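Last residue of the sequence shown: 1086 in our numbering, with the numbers rising by one and none dropped.
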Amino acid sequence: MSNQATYEDVNLVLRLYEMRREEKMRAARSWFAAHFFPANMEDLLKVAPPGSDENAHFRQVVSYWEMVASFITQGVLHQELFFQSGTEMLLVYTRIKGILPLMREMYKNPHAFTNLEKVASEFINYMNRTDAGAYAAFEARINGMVKK
């Protein structure tokens, strides 16, 4: 991938932003940010039981960011340009990373969310290059958002 972002990259970032503003996606994102804090699969099934609106919200948010991450891993979207405005992806990864191996096992798909995991790992490295504690501070803030 070129070191220089292109107008196509900018247009794709803007399009992805617009998709996030769609009414159902906005509701799903809002629910995820406020209510999704599973420590294990039992928590996941409790907060987002199969067939529920919450499960649909969970799947919509995580699959959206997996799709966006696939654009980056495939070289379609300039990685650093995305990192400059895509911290919501990192929020999603931070919330699911502890249960990711269990989700893969449950879904019987060892490759589930591998794009998201790879891009999030690169994003964390990007953050920490400027400040060694940047991701730790971000993670603490995100995990501290537990609904009261």
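The beta carbon of each residue, even a glycine, is placed where N, CA and C say it ideally should be.
From a predicted model like this one, the values you see are computed outputs, not experimental measurements.
Item to check | GLN942 (DSSP reduced to helix, strand or coil) | outcome: Translated into positions along the sequence shown, residue 942 becomes position 4. Three-state DSSP puts GLN942 in coil, outside helix and strand.
Checklist entry - Can you tell me the Cα-Cα spacing of TRP969 and GLU992, whole angstroms? => result For this step, residue 969 is matched to residue 31 along the sequence shown. For this step, residue 992 is matched to residue 54 along the sequence shown. Their Cα atoms are separated by approximately 8 Å.
Checklist entry - If we ignore side chains and look at the alpha-carbon of each, how far apart do PHE1106 and MET1044 end up? => result Not covered by the structure: residue 1106. The range shown for the chain is 939 to 1086.
Checklist entry - Hey, would you say ILE1080 sits closer than 7 Å to THR1032, going by beta carbons? => result As a working mapping, residue 1080 is identified with position 142 in the sequence shown. As a working mapping, residue 1032 is identified with position 94 in the sequence shown. Result yes, Cβ atoms of ILE1080 and THR1032 sit closer than 7 Å.
Item to check | Closest Cα partner of ASP947 within the set GLY1013, GLU980 and MET979 | outcome: As a first step, residue 947 must be located in the sequence shown, where it is residue number 9. Of the candidates GLY1013, GLU980 and MET979, the one whose C-alpha sits nearest the C-alpha of ASP947 is GLY1013.
Checklist entry - Between ARG958 and ARG964, what straight-line distance do the alpha-carbon atoms span, to the nearest angstrom? => result Indexing the sequence shown from 1 puts residue 958 at position 20. Indexing the sequence shown from 1 puts residue 964 at position 26. Taking the straight line from one Cα to the other gives about 6 Å.
Item to check | Whole alpha helix (DSSP H) elements within the stretch 994-1032, 4-residue minimum | outcome: 1017-1021
Item to check | For LEU1015 and ALA972, the rounded distance between their alpha carbons | outcome: Translated into the one-based positions of the sequence shown, residue 972 becomes position 34. Translated into the one-based positions of the sequence shown, residue 1015 becomes position 77. Roughly 29 Å between the two C-alpha positions.
Next on the checklist: Quick check: the Cα distance between VAL1020 and GLY1082, rounded to an integer number of angstroms?
Outcome noted: In the sequence shown, counting from the first residue as 1, residue 1020 sits at position 82. In the sequence shown, counting from the first residue as 1, residue 1082 sits at position 144. First, the amino acid is wrong: residue 1020 is Phe here, not Val. One C-alpha to the other measures close to 25 Å.
Checklist entry - Roughly how many angstroms lie between the CA atoms of ASN1066 and PRO988, to the nearest whole one? => result For the purposes of this step, residue 1066 is taken as the residue at position 128 of the sequence shown. For the purposes of this step, residue 988 is taken as the residue at position 50 of the sequence shown. Approximately 37 Å between the Cα atoms of the pair.
Next on the checklist: Are the CB atoms of ALA1007 and ASN1053 within a distance shorter than 7 Å?
Outcome noted: The sequence position of residue 1053 within the sequence shown is 115, counting from 1. The sequence position of residue 1007 within the sequence shown is 69, counting from 1. Taking 7 Å as the Cβ cut-off, ASN1053 and ALA1007 qualify as a contacting pair.
Next on the checklist: On the CB-based measure, 16 or more other CB atoms within 10 Å of its CB, does ARG967 come out buried or exposed?
Outcome noted: Your numbering for residue 967 matches position 29 in the sequence shown. That one is buried.
Checklist entry - By Cβ distance, which residues of its chain are closer than 8 Å to GLN998, with the 5 residues on each side in sequence left out? => result Translated into the one-based positions of the sequence shown, residue 998 becomes position 60. For GLN998, where only same-chain residues beyond five positions count, the Cβ hits under 8 Å are LYS962, MET963 and ALA966.
Item to check | Selection from GLU956, ALA1050, ALA994 and THR1025 that minimises the alpha carbon distance to TYR1073 | outcome: Walking along the sequence shown from the start, residue 1073 turns up at place 135. Checking every option, the nearest Cα to that of TYR1073 belongs to THR1025.
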